[in-house]
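Reading through the structure tokens given below for one structure.
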Amino acid sequence: MSDALGKTEEIVKKAKALGADEVIAKTTLGKYRQIRFSNNQIDTTVAWNDYVTDVALAWKKRLVATQIRNFQKVDANIKKLFELAKVSMENPMFGGFAKGSFKYAKSKADEKLRDLQNPADYVFEAIEAAKKEVGSEIDSGGILFTKFEDVYLVSSEGPVGFDKRSAIELSIRVFSEREASGHGVECSSTLNNFDPAKAGERAGEIAKLAKNPKIGEEGVYDVIFNPLICGSLLAVWGSMASAFSVMVQMSIFVNKLGQKVAPENVTLKDSAPSYSLANCVFDDEGVPTRETLFIDHGVLKTYLHNTSTAKMFKTETTGNAGLVFPHPWNIEMDPGDMSREEIFKEVKKGLYLTNTWYTRFQNRAKGDFSTIPRDGIFLIENGKITQSLKDLRISDNALSLLGNIAYISKERQHVHWWGEAEPPSLAPYILIKNVHITKSK
Amino acid sequence: MDEDIINFAVDYARSKGVEYVEARAQSQVQEQFMLRNGILEAYLSAVDSGFCVRIIADGGIGFASTNKWTKMEAKEIVDLALKYAKAANRKDKIKFAEEKGIETKWGVDQKQKMEDISPEEKISKFIEVNKSLSSCGVKIAATMTSCSIDLTSKYYVNSEGSRISSFVPKIGAFIFITVSEQGKMEQAYEQFGYSGGWEALREWKMSEKMIHNAKILRDVITKGKAVKPGTMDLVCGPEVTGIAAHESCGHPMEADRILGREMSQAGRSFIYKGGPYWIGTRIGSDLVTIVDDPTIEHSYGYYAYDDEGVKARRRYLYKNGLINEFLHNRESAAKLGTRSNASSRSVNYDREAIVRMANTFVLPGSMTEEELIKDIEYGIYMKSFTEWNIDDKRFNQRYVGRESYLIENGELKHPVARPIIETTTPKFWSAVDAVSKNVEFDAATCGKGDPAQGVPVYTGGPSIRLRGVYIK
């Protein structure tokens, strides 16, 4: 048994000895590295090492949690946590932690990401690839991020697991003019499948097309979303599939289980696969992560659960437990049968969007929201891009957008981006009919 | 916090011949709890403690942090930060604007110490809010309530002789409600924030505010009418004025955005060298003066020294309608040939300090809110907002009213359901023709940085009157 696993188990034993009913301890030894760049130069390189044990403890249906970072004071921390449980309040809906012993898939984490040599080279590779697309006069910025975690989990209810989780991500925004930009990302759990030049090429290609933008017109359009902005929509729908979002009315999926919420061609899944930035073999209760089909050919099949929420909904956990609430890991939209080019041909007059930000809701239960497309925004006429646009806003409804998906591409990309496309996803090009677009007056 | 290890880290880095080094230690005693529909979901309590070093070498910056408190670890992160600083290989070398070393201690007092309040009492205050909501006569479909308490100690040392210790207790709360009437639902949230002790709760009046919100949402459902789109006058209450000040003044005036350092995340700014807007350019009417001020005692964004050891002061961002002063840290100030105005903030020891707002608000005028309304023939009074956003150059923004009323012949009439103003920054601020004397603040969490750093801030101001804007 490794030292970290032994210490994690010790924490569980100590809490049980004090009288806790159920305890889970998860120790993460994490190494994170990030290069931030702008104006084609590196601004700073950031390294942070984090050694932490997350502890969740239940006593008479009182759920308390802590994070231990000072391992000299473990006994005092556990005692304090148990005392907190005693003076805390009962949650009648608490359904306990997952029980049983599980077999986990073997982690496919990339050891090379534990201590990556010369990470700055990847940044320059992406910038050079963008320059090849647009020319040398670009202004680019972004991040390169790497992660390597050793994760040890011990539960008093049976699960014991060890996982390695690795990730590498390059995000680059390229300006070809002051108001013409493109954004590209390249995300992988391993170095082998990581090609930073692709992110630069994607960003550069869009930035080149985006030159000389005109202010767009309000209206109702058929809109093609590329994988990056599709990832933002998948993040909205995926987070609203969490049982917790449903319970607090922050979801368009409340009371819609078994109902048609999207067309036949839409199938959405959540999982934590080995290719994903969110790769993991077990959740925070030690339940093996698995593929959960939550929208099957347009029908809402399930919410995403931990053990407690599953009991409330009289079903089984889907392996989506966080420390307290269930959450999606990585959303996948099933591919369609058309190519990106074929989808473009279907549009007589519409828009092509490549990124968005600042998504805000008026009402999460109803789904009314707006979000602001950024980077390349294009007018499509008779299947072809005819004009670069700017200064537009999507002002629509999350359920309507889901219901109006008309076409889905065969090709998909693993995407993740700061704030908006979170959690990561495997996203295609999609065409959504009748999207409401507004602008400033 | 072991100050010897922090001093050692700086001394060790200096022995390596670096151009500049700082070490920042932070210890945070944290408590958080969340209630769903008045029932406690979970209570979290933890201590997070660690330190970072930031080094300038060969004109590049390296930053490394750890939560292992040993001299060995301190050496390791210094070596790592130095290696990364040198690897940057920059053509134009990074320098910091000049500052003198400062030795001081500062902090925020708690009238009622957070440590003296039991968890039961803390929880019960929020259960009371839920109880009062459930008996207020409005059908509440769901509530979500969270409270977070942070007692933060910091120790900052740099190679220029600064040595600053601080202690800041902060408490924040978030209450989200869903009201259901006649088969329809409306939602609202309030955020509360304070630097100080448990006495915050007396000032917050959470039950009163949330009951008011519940009744407003009910009225929007049962009595709210849509506005006929068109050009009209608009009175923004302090909450709307505050968000507009934050989004379309505070953010575009952050010098790191102006210089492009945030270009791939939070974006750039409509203000840039060689562009149509720069210092001295008109952006609003001469009644518009917007400041950012970290020194407001007990405010959510309060600090006396920033995370680069620079003494805090009020910054006049837009002054009498003109672009006046950017928010700077030492790096951006050096690039633009000026001095830092203490806008460098970090949420924790493992995050670099970047340019941030503190408390951003419009300075008051001399009129009453009633006088603003009295002089309007036809318009909208938008007292609070629900959905809002702004583009990444901080030019095109949108605010959707939560509590709003029609104004006719100088009088408030029926509630208006979700009126929308969607306009540009210069159009918004240029339309201001009157400013009231009542200033109010709202707590908020400002998002920026990668990895994300949500910092506590106030937004605020008086009520303002905008003439001839398009409302839909």
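If you read the protein sequences in the order shown, they are chains A and B. Plus 78 on top of the position in the first sequence (first one is 1) and you've got my numbering. Plus 253 on top of the position in the second sequence (first one is 1) and you've got my numbering. For each residue, glycine too, the CB sits at the ideal point set by N, CA and C.
Assigned secondary structure, residue i (DSSP; H/G/I helix, E/B strand, else coil)
i, result
"Val615/B", "strand"
"His504/B", "helix"
"Arg651/B", "strand"
"Gly481/A", "helix"
"Trp457/B", "helix"
"Asn398/A", "coil"
"Ile259/B", "helix"
"Leu335/A", "coil"
"Trp451/B", "coil"
"Ser349/A", "strand"
"Gln150/A", "helix"
"Ile370/B", "coil"
"Cys308/A", "helix"
"Met167/A", "coil"
"Asp469/A", "coil"
"Ile532/B", "coil"
"Ser323/A", "helix"
"Ile524/B", "coil"
"Tyr200/A", "helix"
"Pro413/A", "coil"
"Lys473/B", "Lys is not the amino acid found at residue 473/B; the sequence shown has Val there. The answer is helix: DSSP assigns Val473/B an H, G or I state."
C-beta contact flag for residue i and residue j at 8 Å
i, j, result
"Gly360/B", "Phe304/B", "no"
"Pro527/A", "Ala176/A", "No answer is possible for residue 527/A: the residues shown for chain A start at 79 and end at 519."
"Gly260/A", "Ala285/A", "yes"
"Gly291/B", "Asn383/B", "yes"
"Leu575/B", "Met506/B", "no"
"Ile538/A", "Ile510/A", "For residue 538/A there is no data in the structure shown, the boundaries of chain A being 79 and 519."
"Ala208/A", "Ala134/A", "no"
"Asp453/A", "Val513/A", "no"
"Phe150/A", "Asp132/A", "In the sequence on display, residue 150/A carries Gln and not Phe. The answer is no: Cβ separation not under 8 Å."
"Leu386/B", "Ile393/B", "yes"
"Ile549/B", "Asn594/B", "no"
"Thr224/A", "Arg111/A", "yes"
"Lys517/A", "Ile373/A", "no"
"Ile450/A", "Asn642/B", "yes"
"Ser302/B", "Ser318/B", "no"
"Ser354/A", "Asn408/A", "yes"
"Arg568/B", "Val544/B", "yes"
"Gly707/B", "Asp486/B", "no"
"Asp241/A", "Cys358/A", "yes"
"Gly450/B", "Gln518/B", "no"
"Ile673/B", "Cys489/B", "no"
"Val425/A", "Leu306/A", "no"
Supposed contact pair residue j and residue i - C-beta distance, whole angstroms, cut 8 Å
i, j, result
"His383/A", "Ala340/A", "With a Cβ gap of about 21 Å, His383/A and Ala340/A do not count as contacting."
"Leu335/B", "Gly315/B", "6 Å"
"Arg490/A", "Pro502/A", "With a Cβ gap of about 12 Å, Arg490/A and Pro502/A do not count as contacting."
"Thr712/B", "Ile496/B", "6 Å"
"Asp686/B", "Ile221/A", "The pair is not a contact, with the Cβ atoms about 44 Å apart (cut-off 8 Å)."
"Gly219/A", "Asn117/A", "7 Å"
"Glu439/B", "Val473/B", "6 Å"
For this session: For the region 239–246 of chain A and the region 181–198 of chain A, state whether three or more C-beta atom pairs, one from each stretch, are separated by less than 8 Å.
Result: Yes: the two stretches touch, three or more of their Cβ pairs being nearer than 8 Å.
Exercise. Residues in the region 115–139 of chain A with C-beta within 7 Å of chain B's C-beta atoms, listed in sequence order?
Worked result: Answer set for the region 115–139 of chain A: Ser116, Asn117, Gln119, Ile120, Asp121, Thr122, Thr123, Val124, Ala125, Trp126, Asn127, Asp128 and Tyr129.
Exercise. Taking any Cβ of chain A, which residues in the region 297–325 of chain B have a Cβ under 9 Å from it, in chain order?
Worked result: The region 297–325 of chain B vs chain A, Cβ under 9 Å: Leu297, Ser298, Ala299, Val300, Asp301, Ser302, Gly303, Cys305, Arg307, Gly313, Ile314, Gly315, Phe316, Ala317, Ser318, Thr319, Asn320, Lys321 and Trp322.
Problem set entry | Contact list for the region 395–406 of chain B against chain A, Cβ threshold 9 Å | Listed by position, the residues of the region 395–406 of chain B near chain A (Cβ gap below 9 Å) are Ala395, Thr396 and Met397.
For this session: Please confirm if the region 203–223 of chain A is in contact with the region 285–296 of chain A, defined as three or more CB-CB distances below 8 Å between the two stretches.
Result: Yes: at least three Cβ pairs fall under 8 Å.
Problem set entry | the region 392–400 of chain B in contact with the region 417–434 of chain B per 3-pair CB rule at 8 Å | By the Cβ rule, the region 392–400 of chain B counts as touching the region 417–434 of chain B, because three or more pairs are nearer than 8 Å.
For this session: Give the residues from the region 441–466 of chain A that approach chain B closer than 8 Å (Cβ to any Cβ), ordered along the chain.
Result: Per Cβ criterion, the list reads Asn441, Arg442, Ala443, Lys444, Asp446, Phe447, Ser448, Thr449, Ile450 and Arg452.
Problem set entry | Cβ contact check for the region 168–187 of chain A and the region 349–368 of chain A: 3 or more pairs under 8 Å | Short answer: they touch.
For this session: Could you run through the region 483–511 of chain B and flag, in chain order, every residue whose CB is less than 8 Å away from some CB of chain A?
Result: If the cut-off is 8 Å between Cβ atoms, the region 483–511 of chain B has nothing near chain A.
Exercise. Just by C-beta distance, which residues in the region 697–718 of chain B are closer than 8 Å to chain A?
Worked result: Listed by position, the residues of the region 697–718 of chain B near chain A (Cβ gap below 8 Å) are Gly700, Asp703, Pro704 and Ala705.
For this session: Flag this pair as touching only if the region 645–661 of chain B and the region 467–480 of chain B have three or more C-beta atom pairs under 8 Å; answer yes or no.
Result: Counting Cβ pairs under 8 Å, three or more are found: they touch.
Exercise. Is there contact between the region 257–264 of chain B and the region 272–287 of chain B, where contact requires at least three CB pairs shorter than 8 Å?
Worked result: The answer is yes - the region 272–287 of chain B touches the region 257–264 of chain B, with three or more Cβ pairs under 8 Å.
Problem set entry | Residues of the region 347–359 of chain B whose Cβ lies closer than 9 Å to any Cβ of chain A, in chain order | Residues of the region 347–359 of chain B whose Cβ lies closer than 9 Å to any Cβ of chain A, in chain order: Ile347.
For this session: Anything in the region 549–573 of chain B with a Cβ closer than 9 Å to a Cβ of chain A? List those residues in chain order, please.
Result: Close to chain A, meaning a Cβ-Cβ distance shorter than 9 Å, is no residue of the region 549–573 of chain B at all.
Exercise. Taking three-plus beta-carbon pairs below 8 Å as touching, is the region 340–359 of chain A in contact with the region 81–90 of chain A?
Worked result: Because the criterion of three Cβ pairs below 8 Å is not met, the region 340–359 of chain A and the region 81–90 of chain A do not touch.
Problem set entry | Sufficient close CB pairs (3 or more, under 8 Å) joining the region 551–562 of chain B to the region 589–608 of chain B | In short, these stretches touch, since the Cβ pair count reaches three.
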